[in-house]
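Here the structure comes first, spelled out in structure tokens, and everything after it is commentary.
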């Protein structure tokens, strides 16, 4: 039983899931969102952040400024961005006609928008960098804005069209490409490439000719850090003097890479027409995919796929080139490549229901129309008027996000289409002797099957297992993280989700110097550094201190310590700790919650995920008691905790379960209020507050977890039975949460043959 993380997450009724290729009903209104900045507004580019939020950049006639919007995964404007989800950028009193053309999101969440501005008749490249909250970043070129003029002044015409981020961390550079005409005559144009440092200084600049007049249109960075620029040129002959042009530079942005077609430059004539490039992407095999438009007898999408040396990839459409007539006047504007090699091209067509519609074409890796996307691989989207697509992004769940403009009120228009078969997240539960986990794969409606697969890592053991599920090695499969319970020396291991057997991390003692510690442990997991590989968090159970250690899997399969600190400010406390990982403050980075274990009150500490790795983590709010009132004083076996977005507002909520000795109370507090420091407000208006099955007399406590079982981008709540109770897992879908009372609809799954478990069920 395998489980890939590539899945859809929509809010539609799961009994009849939306079809692949259809507009995603969980996004905006029937899959479409429009946004106004108050003038004539047009989106030019789109990107999807690691947290699923969508960033769109373009221009508005109000002030002739850059315009940027950020949306939550459900299509609502993200009010943590510039207050209302929208921001504009003006490049100063001397600048006018500022047109944004491309954007990129850095690994630290900062947003880079590039385009062109006119300064007293001189058109120049301009770059703006925004912080994650939508304000100009003062660490970039003093005030968040930079300008570059190839001629150093005068009235030359430098037009920026593409951007890519080269490298990561403070050593990254921002690569901007476009067209430069240093004569100011619109003749003799070259491809222009500029690299800015992370601080906004110019690292290098270069203009490249292919032997004629050229325009640079898009850029991508390959696995070796080389810069691949695509555009078009009138060099190379052909019936009509317009051909695709591809340039590859070394990482320095100056030196042509002679390993690409001999001299770093390539001219391609497809179909004998006027070929204009629109976008470029690189697939997992280092092949370069160029998309554009060929204008001859008609106007059609055109693609070529080239091997890393520049030669045609004959596994694509027979000769590495293809032309697609969508049935009208078709103009391509962007391209993306999926992890499995399939290709998505977007643009505009006159073949749809309106005079102009968004056009989406998906191809197989072999270059054929992908009939799993639609009968002929193509989908047209009518956003309500004359609609022009400008950019495409594919999110980690396979959904296709298209941005552009619609003539209806001249707004930004964003559409999201279903991209793959819908699938929820797997769940692992432990608690029985033998240290094995029961692994459940939900169906499309979010229901857990009666039968489960067994996942083991420790051989014969008398202990139980505690579990978490996350993609630890970045292969697209959710892996199972296991820790042993009390009674044996604590060991932690990771089992591959690709086959549920292979050990990705062999059993190891997580706490140096305490290899014989036999009090058991807890695990949770999340991707703190947003590199596509989850870190896993280990804490001790009973008789252990409040130690929190964060591990990552190294390339050789060994565990590497990324953080190590006390989660509760009491080094003498010996009741252990429990943790949960989720983005409580909505900044795109998962945060870490730590609660006290046995002997402690229901105390919780909430740490900013951006500060967890490497140093001393910073608290988002002061420590608080999860359960207020008399429970804060009377409960002395801590609380269990999980983190996930129960109400679908883009903030992970904290779900607490009563510890042993307490009733099986489930309490969910809103993450937005907690992140704002309003703990009292969150407790006064809990999202959930009930006793499982209404049983307030039980004293076995309840273990809690969250998982998106039905793929609707809302956290579903899982409750494991407490101490000395028959092993049962109860699942509540987030879609059924209405008010704080126990949802009337739930599913009970018997575990381990219904054994009475002394330690209860542990679910993750």
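Residue numbers (full-length UniProt numbering): 1 to 764. Don't be surprised by glycine CBs; every beta carbon is placed ideally from N, CA and C.
Use the C-beta contact count for residue i: other C-beta atoms within 10 angstroms, 16 or more gives buried, fewer gives exposed.
i: residue 561; result: exposed
i: residue 539; result: buried
i: residue 524; result: buried
i: residue 331; result: buried
i: residue 618; result: exposed
i: residue 684; result: exposed
i: residue 355; result: exposed
i: residue 238; result: Interpretation of residue 238 is limited by its pLDDT of 48, a score under 50 that renders its predicted location unreliable; the figure taken from the coordinates is listed afterwards. It is buried - the Cβ of residue 238 has at least 16 other Cβ atoms within 10 Å.
i: residue 35; result: buried
i: residue 709; result: buried
i: residue 515; result: exposed
i: residue 142; result: exposed
i: residue 620; result: buried
i: residue 750; result: exposed
i: residue 559; result: buried
i: residue 758; result: exposed
Could you tell me the alpha carbon to alpha carbon distance between residue i and residue j, rounded to whole angstroms?
i: residue 543; j: residue 671; result: 31 Å
i: residue 401; j: residue 727; result: 43 Å
i: residue 74; j: residue 569; result: 38 Å
i: residue 451; j: residue 440; result: 8 Å
i: residue 648; j: residue 428; result: 23 Å
i: residue 243; j: residue 297; result: 16 Å
i: residue 578; j: residue 725; result: 21 Å
i: residue 63; j: residue 117; result: 12 Å
i: residue 458; j: residue 623; result: 36 Å
i: residue 353; j: residue 346; result: 17 Å
i: residue 171; j: residue 198; result: 7 Å
i: residue 48; j: residue 264; result: 31 Å
i: residue 529; j: residue 564; result: 16 Å
i: residue 303; j: residue 366; result: 12 Å
i: residue 456; j: residue 481; result: 10 Å
i: residue 294; j: residue 272; result: 8 Å
i: residue 334; j: residue 44; result: 10 Å
i: residue 174; j: residue 203; result: 9 Å
i: residue 531; j: residue 268; result: 35 Å
i: residue 646; j: residue 507; result: 33 Å
i: residue 408; j: residue 41; result: 10 Å
i: residue 240; j: residue 274; result: Per-residue confidence for residue 240 stands at a pLDDT of 47, beneath the threshold of 50, marking its modelled position as unreliable; no derived number is given.
i: residue 552; j: residue 490; result: 18 Å
i: residue 306; j: residue 472; result: 32 Å
i: residue 165; j: residue 112; result: 9 Å
i: residue 341; j: residue 315; result: 12 Å
i: residue 102; j: residue 328; result: 27 Å
Under the three-state reduction of DSSP, which class applies to residue i: helix, strand or coil?
i: residue 634; result: helix
i: residue 49; result: coil
i: residue 709; result: coil
i: residue 731; result: strand
i: residue 44; result: strand
i: residue 692; result: helix
i: residue 123; result: strand
i: residue 224; result: coil
i: residue 320; result: coil
i: residue 290; result: strand
i: residue 274; result: strand
i: residue 115; result: strand
i: residue 704; result: strand
i: residue 736; result: helix
i: residue 609; result: helix
i: residue 412; result: strand
Between residue i and residue j, how many whole angstroms is the CB-CB distance? I'm expecting something under 8 Å.
i: residue 179; j: residue 162; result: About 10 Å separates the two Cβ atoms, so there is no contact after all.
i: residue 704; j: residue 718; result: 7 Å
i: residue 651; j: residue 675; result: 6 Å
i: residue 604; j: residue 593; result: 6 Å
i: residue 533; j: residue 474; result: 4 Å
i: residue 357; j: residue 323; result: About 20 Å; that fails the 8 Å criterion.
i: residue 655; j: residue 642; result: 4 Å
i: residue 222; j: residue 286; result: 6 Å
Please decide whether residue i counts as near chain D, where near means a Cβ-Cβ distance under 8 Å.
i: residue 163; result: Reference to chain D is not applicable here, since this structure consists of a single protein chain.
Cβ contact (3+ pairs, closer than 8 Å) linking the stretch 378 to 394 and the stretch 412 to 428: yes
Is it a yes or a no for the stretch 732 to 739 touching the stretch 455 to 467, going by three-plus beta-carbon pairs under 8 Å? no
Is it a yes or a no for the stretch 65 to 79 touching the stretch 21 to 28, going by three-plus beta-carbon pairs under 8 Å? yes
Are the stretch 475 to 494 and the stretch 127 to 144 touching, with three or more C-beta to C-beta distances below 8 Å? no
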